[in-house]
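Read through the structure below, which is laid out as C-alpha cells, and then see the notes.
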Amino acid sequence: MTPRGLELESPKQGQRVRIAKDRNVQLRKTRPDLKRAFRCPGVPVIPALAVIFCVMLMTYLSSFTWIAFVIWLVIGLAIYFLYGKSHSKLGKAEARM
C-alpha cells in the first residue's frame, strides 16, 4: 500500500491532461482542415487557462513525486526505444542491404 499523499500526487494523470491540451491547441493551428468531433468553447482562452492551471498545480508537487516521475520516464523511454530498435521493420530492411 502507498501512503495517501503519494497516491494523490501521481503526476502521470496531470501530465497527460496537460500534454493533450497542448497538442490540441497545436493541431488546431497546424491542421485546421481536420474534422473535429468536439469543439471546445472559448478557444484559445479555455485551453490556455487549463494549461496555466495544470502548470500551477504541478509546481506544488513534492520533489519526491518529480524524482519518481523522472525515474519512470527514463524506464519507459528505455523500454520504448529498445523495443523499437529490435522490432523496427526499417532497421531490419537496412541491415539486409
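Quick note: the sequence shown uses this note's numbering, first residue 1, plus one each step. All C-beta atoms, glycine included, are put in the ideal place defined by N, C-alpha and C.
Requested in this report: Can you give me the start and stop residues for the alpha helix (DSSP H) that Y99 sits inside?
Outcome: Residue 99 lies beyond the residue range present for the chain, which begins at 1 and ends at 97; the question has no answer from this structure.
Report task. Please say whether P44 and V17 have beta carbons closer to each other than 9 Å? Result -> Here residue 17 corresponds to residue number 17 of the sequence shown, with the count starting at 1. Here residue 44 corresponds to residue number 44 of the sequence shown, with the count starting at 1. No, the pair does not count as a contact, with Cβ atoms beyond the cut-off.
Query raised in the report: Taking just the CA atoms, how far does K21 sit from M58?
Result: Locating residue 58 in the sequence shown gives position 58, where the first residue counts as 1. Locating residue 21 in the sequence shown gives position 21, where the first residue counts as 1. Cα to Cα, M58 sits roughly 15 Å from K21.
Query - Simplified DSSP state of D103, which is helix, strand or coil - result: Any question about residue 103 goes unanswered here, given that the chain covers just 1 to 97.
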